[in-house]
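Take a look at the structure below.
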Amino acid sequence: MASQKLTEYERQRLENIKRNAEMVAALKLHSKAATLSAATAKRHRTKTYKTSPEKKPKTETPIVIRRSLRTRGMPPDSKGLPDDFSDNFDKTPKSVSVIKPQSPRVLGPISMVDAFSGDDETESNKMLVGTILSIAKETQVGVSVKDVKDEIFSEKGALGSCKSEGFESLGTEKVDESLSGKRKLVKGVVKNEYLDSLVKIEKSDQWLESLDLKPENVARLLPGRIMVVKFFPCSSVRMISAGNKFGNIAFWNVDSNNEKEDGIYLYRPHTGPISGILIHQHSMSKIYSSCYDGFIRLMDAEKEVFDLVHSCDDTIFSLSQQPNNSETLYFAEGRGGLKVWDIRTGKSSKNWMLHEDRINTINFNSQNPNIMATSSTDGTACIWDLRSMSGHKLKTLKTVSHSRAVHSAYFSPSGSSLATTSLDNKVGIISGVNFEDACMIYHDNWTGRWLSSFRGIWGWDDSYIFIGNMKRGVDVISPSQKRSVMTLQSPEMSAIPCRFDAHPYEIGMLAGATSGGQVYLWTPC
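Numbering (the UniProt record's numbering), first residue to last: 1 to 525.
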C-alpha cells in the first residue's frame, strides 16, 4: 500500500524531533542522567544514623526474697532489741556531718550562731558582736547634740566635723588638698534623723566631683540581689548592713584590720526577701529587720539572738520608725495596709488601708514626725498627717500621681521637699509650704526583671538626689535645676547600683548596692 503523503505540518514536526535528538546526543544527556540515577539509588540505600553499639549482657544479680522466721519454720528470736537502741539511734555517726538548716521558719528566737552562714561561726560571731557592742558603748544615738558633740564632732579634722552649741546650726570646714589645698566653705543644711539639730555642711561642685570609689571600698557582701543597704549611725567605725532576696543579712566592717577576717559577716534569720533594716535609735546593739515571709525580728547583740517581734501570714513590704520614737514600728502589711506596732505591749495599736496595692516605702518628715509619706505600686505617693488619721475616714494632705508604680517617696533633710521615684521614668520633686508645687524630671527607671528597682535618695542637704542609672553609674539630680547635673562613674563598678544610703555623719560617704550582692562605698578624696 502506497504510503500516505505527509502534510507540511507533519514533515516539519519530524524534522524538529530529529534535530532535538541530535542535540541531546551531542550533549550526552542520557548518559549523565543514568549516572545520576545510579548515584541517587545508592544514596537511598545508605543509613543516615549511627549504628548503636552492641549491648553488653547484663550481669544478673540473684534476687533475694526476704522471708520471715515464721515462714521458714524457725523459732522467733527472743532477744529483741538492745536496751540502748534508742540512745544509739539518736547519736549521729562521726562520718556523717550534721547539716545546719539555712533558712528556718521558726516561730521564736534564733541564736546568732545558728543563723550564721560560713565557717568558724562561733569565732566570727564573737568578733561581730564585740564590734557592735563597742560601737553601742561609745556612741549614744538619739540624744541631744550637747551630749554627743564631743564624741561625734570636733572643731577641726575629718570631713563633716562641726561645732555645736545646743540645737543651733552647726558649721564645718573642709580641706581639699587634692584640688587646691585651700579651705572652701559652702553652707548647706542637713537634717539628721538621729540628732534633733540642723548641721551646716560645706559643699561645692568641686566637692561633689571629688567623690571617689577606691578598690578597697568594693565588696561582695551577699549572694543574690540586695534589697536594703544601711549605714550604722556612728562616726567611730564605718559599718554597713545589707539584706538580700534570700533572707540573708550581712554586716561589713569597712575599717576591719584583721588579717584572718575580711570584715564581712553573713547571717540568715529569714526565709524570704529582706524588706527593711532599722537600727535602734537609742541602742545600736539592737537591729530590726522585716521580711516578705511576714516576720519582724530584733537582732540583739547583747543576747546574741534574733528575737521574734511580729509574725503574720501577709507579706511585709517595708519598715520604718518615727524620729525620736523607738517604741513604735510602722510597717506595710499585705496589699495597701499599714500597721502601727507597739513594741512595749507586743500588739498592734492601729491598722489602716492606705493604698490599693502594696506600700513600698514609709518615710517621716524630719521637721514634723507626724507627717508621713508612703509610696505604692498603685501609682501614687501620699502625704499623711498622723494626727488626723482616726476612724475610717482617711484623707491625704497631698497625693502625687504617676502612670506606673511608685517605688519610693522620701522627704528631704530639711523636710521641705519630697522626692518620688516611679517606674514611669520620672523622678518627682514636690515642694512648697503645703507641697503644692510639683515637677517631674525624666530619668530612665526601667530596671527590668532581674534588677532591684531604683530608689532616689537625698544627700546631706536639699541640693542633690542620688539615683542609679543603667550604665553602671550614679546620677546626681539637682532639684533646683530640674535635671541631672553629673554622673558618678568608676572602673571599679562592674554592676548597676540600685539601692543607696548616705552616711548620717560622714558628709560625702555614699553606699550603693547592686543586684549581684556588691556594695560600693563612695568617699571624698
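The C-beta atom is built at its ideal place from N, Cα and C for all residues, glycine as well.
Three-state secondary structure (DSSP) at residue i?
| i | result |
| --- | --- |
| G459 | coil |
| D501 | strand |
| L222 | coil |
| Y292 | coil |
| R335 | coil |
| S37 | helix |
| L208 | helix |
| N16 | helix |
| Y410 | strand |
| K442 | Correcting the residue type first, residue 442 is Tyr in the shown sequence and not Lys. Note: Y442 maps to strand in three-state DSSP. |
| L418 | strand |
| M23 | helix |
| E8 | helix |
| R395 | Contrary to the premise, residue 395 reads as Lys rather than Arg in this sequence. If DSSP states are grouped into helix, strand and coil, K395 belongs with coil. |
| H310 | strand |
| L451 | coil |
| K350 | strand |
| C525 | coil |
| I423 | At residue 423 the sequence reads Leu, which differs from the Ile that was named. It is coil, neither helix nor strand. |
| L69 | coil |
| S31 | helix |
| S401 | strand |
| A495 | coil |
| N469 | strand |
| T328 | strand |
When the Cα atoms are used, what is the spatial distance from residue i to residue j?
| i | j | result |
| --- | --- | --- |
| S478 | T361 | 22 angstroms |
| I274 | G512 | 16 angstroms |
| residue 535 | V24 | The shown model of the chain, from 1 to 525, leaves out residue 535, and the question about it has no answer. |
| E123 | D262 | 13 angstroms |
| M440 | F466 | 16 angstroms |
| L268 | T421 | Per the sequence shown, the amino acid found at residue 268 is Arg instead of Leu. So the alpha carbons of these two residues sit roughly 30 angstroms apart. |
| S494 | R472 | 7 angstroms |
| G379 | G428 | 12 angstroms |
| F454 | P223 | 19 angstroms |
| A115 | N434 | 47 angstroms |
| A405 | I359 | 10 angstroms |
| M389 | K395 | 7 angstroms |
| G276 | Y288 | 8 angstroms |
| W522 | I507 | 11 angstroms |
| residue 530 | N445 | Missing from the structure shown is residue 530; the chain here goes from 1 to 525 and no further. |
| K126 | C234 | 20 angstroms |
| V129 | V400 | 43 angstroms |
| N248 | L266 | 7 angstroms |
| L510 | K426 | 22 angstroms |
| M353 | L319 | 16 angstroms |
| G517 | R238 | 19 angstroms |
Kindly list the residues whose CB is nearer than 7 angstroms to the CB of residue i, restricted to its own chain and excluding five residues on each side of it in sequence; keep chain order.
| i | result |
| --- | --- |
| E121 | V113 |
| I264 | A219, L221, A250 and W252 |
| E333 | C312, D314, I316 and K339 |
| residue 538 | No statement about residue 538 is possible, as the shown extent of the chain runs from 1 to 525 and does not include it. |
| R19 | none |
| S490 | L213 |
Near residue i, which residues of its chain fall below 6 angstroms by C-beta distance, leaving aside the five closest residues on each side in sequence?
| i | result |
| --- | --- |
| L397 | I383 and D385 |
| I296 | S290, V309 and H310 |
| I110 | P269 and F306 |
| F246 | G224 |
| V485 | V476 and S478 |
| H355 | G336, S376 and D378 |
| E168 | Because the pLDDT of E168 is 33, which lies under 50, any placement of that residue in the model is unreliable, and the number read from its coordinates should be weighed accordingly. So no residue of the chain qualifies. |
| N217 | L521 |
| T487 | G473 and D475 |
Taking all protein chains shown into account, decide if residue i is buried (16 or more other Cβ within 10 angstroms of its Cβ) or exposed.
| i | result |
| --- | --- |
| I410 | With the sequence shown as reference, residue 410 is identified as Tyr, and Ile is not the correct amino acid for it. Classification for Y410: buried. |
| W458 | buried |
| K286 | buried |
| D119 | exposed |
| I240 | buried |
| D90 | Because the pLDDT of D90 is 40, which lies under 50, any placement of that residue in the model is unreliable, and the question is left without a value. |
| S515 | buried |
| K230 | buried |
| A21 | exposed |
| W450 | exposed |
| S117 | buried |
Apart from the five residues just before and just after residue i, which ones in its own chain have a Cβ nearer than 8 angstroms to its Cβ?
| i | result |
| --- | --- |
| M284 | I132, I135, A136, T139, V141, F232, P233 and C234 |
Any chance the CB of residue i is under 7 angstroms from a heavy atom of the ligand PLP?
| i | result |
| --- | --- |
| S412 | Among the components of this structure there are no ligands whatsoever, and the ligand PLP is therefore not found. |
(Q) Runs of 3 residues minimum, wholly inside the stretch 238-276: which ones carry the beta strand (DSSP E) assignment? (A) 239-244, 249-253 and 264-267
Q: Return the chain-ordered ranges of every alpha helix (DSSP H) run that is complete within the stretch 107-144 and spans a minimum of 4 residues.
A: 112-115 and 121-138
Q.
Ignoring anything shorter than 4 residues, give me the alpha helix (DSSP H) runs that lie fully in the UniProt repeat "WD" (352-388), in order along the chain.
A. none
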